[in-house]
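Chains as they are written, first to last, in the UniProt record's numbering: chain A, 1 to 154; chain B, 1 to 168.
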């Protein structure tokens, strides 16, 4: 009759019972989860940073000049960090110098364009340059003024 | 007994050459490995001239209790910065690890006093090994004896001993 179905049902029941038994056998913690604390302890196995030890290779009285240079380099690494901080401060001061130089740069580049016109002006004094009046008109009187200024010295 | 620590500079003695890797005796429980490419300017064609029995000053790349320690003679930036094969001549001897710590302290009196005697070269390994080289064998041996005895002498005794040599 229903034997095959019963068999499958009993099998399922048996399996479920087995699972229950197995899961009960598994141990589990009933304790609430502990929060993971960030460990404040760092493990350091070498004592070089602890005592700030010097580099192990040394030379004295010029026995090995390369190693003496190394000694200065290695020992100044500690001081170099301080020097870097100072350089940043000095960079702020040099902004003024940068501004001055920038002004002169603009002046020199401007002169570049003036020179050709100055050459034209020098070559042909009589001609009237209608193209760029302002600069030339400003320059000519100034140059003539300069020339005039030189004359009494002669 | 020295325990290898990552980043420590030590003096090692080459005990074996296994293909591309050298085995170095560092004074620890295991021999350290050093690849021939771990030198400054070393390529597959340009191999460093390392023989069995050579002294090498290098630092540990890998050093934990689970693995064989590995050494390199090169910086993180690719420069040798004093590491590599230690040259000919000179004298290698062992001292306790505590004395090395003392000697490597930032302002070590022992080394300052010794440096005023005569020119010499000194390499200190964190594994307790010191290598000394001076112009004559006698000078080298004097330095060796002073360094070995420094452990047990007080500062005054040391100055007395050094004064004798300065007098000579």
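For every residue, glycine included, the Cβ atom is placed at its ideal position computed from N, Cα and C.
These numbers were taken from a predicted model, which means no experiment stands behind them.
Are the beta-carbon atoms belonging to residue i and residue j less than 8 Å from one another?
i              : j              : result
residue 6(B)   : residue 39(B)  : no
residue 30(B)  : residue 95(B)  : no
residue 147(B) : residue 113(B) : no
residue 21(B)  : residue 35(B)  : yes
residue 144(B) : residue 91(B)  : yes
residue 233(B) : residue 28(B)  : Absent from the model: residue 233(B). The displayed extent of chain B is 1 to 168, so no value can be given.
Using a 10 Å radius around the Cβ and a threshold of 16 neighbouring Cβ atoms, would you call residue i buried or exposed?
i              : result
residue 57(B)  : buried
residue 166(B) : exposed
residue 126(B) : buried
residue 135(B) : exposed
residue 8(B)   : buried
residue 109(A) : exposed
residue 105(A) : exposed
residue 121(B) : buried
residue 106(B) : exposed
residue 52(B)  : exposed
residue 12(B)  : buried
residue 87(B)  : exposed
residue 4(B)   : buried
residue 64(A)  : buried
residue 81(A)  : Reliability fails at residue 81(A), whose pLDDT of 49 lies under 50, so the model's placement of it is uncertain and the value that follows must be treated cautiously. Per the 10 Å Cβ criterion, exposed.
residue 126(A) : Note that residue 126(A) scores 43 on pLDDT, short of 50, meaning its location in the model is unreliable; the coordinates nonetheless yield the value given after this. So residue 126(A) ends up on the exposed side.
residue 21(A)  : exposed
Residues in its own chain within less than 7 Å of residue i by CB, not counting five upstream and five downstream?
i              : result
residue 104(B) : 124
residue 188(A) : Shown here, chain A extends from 1 to 154; a query on residue 188(A) therefore has no answer.
residue 47(B)  : 36
residue 57(A)  : 67, 70
residue 102(A) : none
Taking the alpha-carbon positions, what's the residue i to residue j distance?
i              : j              : result
residue 71(A)  : residue 81(B)  : 10 Å
residue 59(A)  : residue 19(B)  : 34 Å
residue 23(B)  : residue 47(A)  : 25 Å
residue 93(B)  : residue 100(B) : 12 Å
residue 70(B)  : residue 37(B)  : 13 Å
residue 131(B) : residue 43(A)  : 30 Å
residue 72(B)  : residue 83(B)  : 9 Å
residue 243(A) : residue 19(A)  : There is no way to answer for residue 243(A), as the model of chain A reaches only from 1 to 154.
residue 94(A)  : residue 76(A)  : 26 Å
residue 100(A) : residue 77(B)  : 39 Å
residue 142(B) : residue 63(B)  : 35 Å
residue 52(A)  : residue 97(B)  : 16 Å
residue 108(B) : residue 129(B) : 18 Å
residue 139(B) : residue 10(B)  : 24 Å
residue 149(B) : residue 159(B) : 12 Å
residue 118(B) : residue 85(B)  : 24 Å
residue 66(B)  : residue 154(B) : 41 Å
residue 68(B)  : residue 50(B)  : 21 Å
residue 96(A)  : residue 113(A) : 27 Å
residue 157(B) : residue 137(B) : 24 Å
residue 7(A)   : residue 25(A)  : 27 Å
residue 39(A)  : residue 45(A)  : 17 Å
residue 17(A)  : residue 23(A)  : 10 Å
residue 44(B)  : residue 111(B) : 40 Å
Residue i: beta carbon under 7 Å from a heavy atom of the ligand NAD?
i             : result
residue 96(B) : No copy of the ligand NAD appears in this structure; indeed no ligand is present at all.
Kindly identify the DSSP beta-bridge partner or partners of residue i.
i              : result
residue 59(B)  : 9(B), 72(B)
residue 112(A) : In the DSSP output, where bridge partners are listed per residue, residue 112(A) has none listed.
residue 23(B)  : 16(B), 33(B)
residue 84(B)  : 57(B)
Note down, in chain order, each residue of its chain lying with its Cβ closer than 8 Å to the Cβ of residue i, except the 5 sequence neighbours on either side.
i             : result
residue 62(A) : 68
residue 33(B) : 21, 22, 23, 24, 68, 69, 70, 71
Looking only at its chain, what residues have a beta carbon closer than 6 Å to the beta carbon of residue i, apart from the 5 residues adjacent to it on each side?
i             : result
residue 89(B) : 133
residue 10(A) : none
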